Amino acid sequence: MTYCLIIDDSRVIRKVSRDIVESLDCRVSEAENGEAGLKACQNEMPDVILLDWNMPVMDGYSFLKALRSTPEGRSPKVVFCTTENGLDHITRALEAGADEYVMKPFDKDILAAKLQGLGVLSATHSA
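In our numbering, the protein residues as written are 41 to 167.
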């Protein structure tokens, strides 16, 4: 079963994301900021991470740079899920090691397609 870590400071976004990802037969855990996300990754490295950009304590960009700097942190697929849609943000995210970029708000169809494209979900998990 695919293990997904959702890192977002919004409890509502985490709940909506959790509902979508669990409906795709993934096991889910949550973190409210990048620092908590790094701790969660030290406990168990996820297969995929849904990552917000703007968070207190440690933002998504700083989390991604820290994650990718560790040997085991190269393996998870990272999908930025954010309202930041500027080309400069997208470019920075991809250069820092993000695998995909999804604009909020997103739905099950969009997320399932992105995860299938990354090879995290099989086509049988489509919405």
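Glycine included, each C-beta is placed from N, C-alpha and C at the ideal position. Here the structure is a predicted model, which is why all the values come from computation and not from measurement.
Checklist entry - Looking only at C-alpha atoms, which of 67, 73, 100 and 97 sits nearest to residue 84? => result Per the C-alpha coordinates, the member of 67, 73, 100 and 97 positioned closest to residue 84 is 67.
Checklist entry - DSSP three-state call for residue 44: helix, strand or coil? => result Assignment of residue 44 by DSSP, reduced to helix, strand and coil, places it in the strand class.
Item to check | Run of the alpha helix (DSSP H) containing residue 131, from where it starts to where it stops | outcome: Counting along the chain, the alpha helix (DSSP H) containing residue 131 begins and ends at 127-136.
Item to check | Residues of its chain near residue 43, where Cβ-Cβ distance is below 6 Å and the 5 sequence neighbours each way are ignored | outcome: In the same chain as residue 43, and ignoring 5 residues on each side of it, the C-beta atoms closer than 6 Å to its own belong to 67, 86 and 87, in chain order.
Checklist entry - If you drop the 5 nearest sequence neighbours on each side, which residues of the same chain put their C-beta closer than 7 Å to that of residue 63? => result Cβ within range, chain order: 148.
Next on the checklist: If contacts are defined as beta-carbon pairs under 8 Å, then residue 107 and residue 78 qualify, I think. What distance do you get, rounded to the angstrom?
Outcome noted: Confirmed, about 7 Å.
Next on the checklist: Suppose contacts are defined by Cβ-Cβ distances below 8 Å. Is residue 92 in contact with residue 131 by that definition?
Outcome noted: Cβ atoms of residue 92 and residue 131: not closer than 8 Å.
Checklist entry - Which class does residue 166 belong to by DSSP, given the choice of helix, strand or coil? => result Model confidence at residue 166 stands at a pLDDT of 49, short of 50, so the residue's coordinates are unreliable; what they give is reported in the following sentence. Note: residue 166 maps to coil in three-state DSSP.
Checklist entry - If residue 139 sits next to residue 118, beta carbons under 8 Å apart, how far is it from one beta carbon to the other, in whole angstroms? => result A Cβ-Cβ distance of about 5 Å is found for the pair residue 139 and residue 118, placing them in contact under the 8 Å criterion.
Checklist entry - For residue 107, does the three-state DSSP call read helix, strand or coil? => result Note: residue 107 maps to helix in three-state DSSP.
Checklist entry - How would you call residue 157, buried or exposed, if buried means at least 16 neighbouring beta carbons within 10 angstroms? => result Sixteen is the threshold: since fewer than 16 other Cβ atoms of the shown chains lie within 10 Å of the Cβ of residue 157, the residue is exposed.
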